Amino acid sequence: MPHKLRLLVKLDTEPTTATLAVTGCLTENNCLALLPIIRRLRAMVDGMTITVDLSTAKHVEAAAVRILEETGPEVAGYRGGGKAFLTLPTVLPSCQPVKWDA
6 MPHKLRLLVK
16 LDTEPTTATL
26 AVTGCLTENN
36 CLALLPIIRR
46 LRAMVDGMTI
56 TVDLSTAKHV
66 EAAAVRILEE
76 TGPEVAGYRG
86 GGKAFLTLPT
96 VLPSCQPVKW
106 DA
């Protein structure tokens, strides 16, 4: 089953906060695709607080979470005092295996 990263970007009416809600699959191979989106949001408003919400994702790999945590300075932003948060589900979900009927 192909893992597709699906995102919903939510901006507050006063653009000081943004939420990236992941609804697809976050894998080790596609997690770095979030960084350009975070950079674009940071370019809109310096010091913006960004939450990457993984609680509604269909599949989250632990390696992807580790990579996002390790890119803390990149996610948090270099200039302003912007903060970045990861919202994780209690148990990391995984895709259902494909069943083949014989």
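When you read off a place in the sequence shown, starting at 1, and then add 5, the result is the number in the working numbering. Yeah, the Cβ is synthetic: ideal placement off N, Cα and C, and Gly gets one too. Just so we're clear, the structure is a prediction, and the values are computed from it rather than from any experiment.
- Between Arg11 and Thr28, the beta carbon gap of about 5 angstroms places them in contact (Cβ cut-off 8 angstroms).
- In the same chain as Ala38, and ignoring 5 residues on each side of it, the C-beta atoms closer than 8 angstroms to its own belong to Leu10, in chain order.
- A buried status is given to Met53, since no fewer than 16 other beta-carbon atoms sit within 10 Å of its beta-carbon.
- The three-state secondary structure of Ala67, taken from DSSP, is helix.
- Look at Ala62 here: in three-state DSSP terms it is coil, with no helix or strand label.
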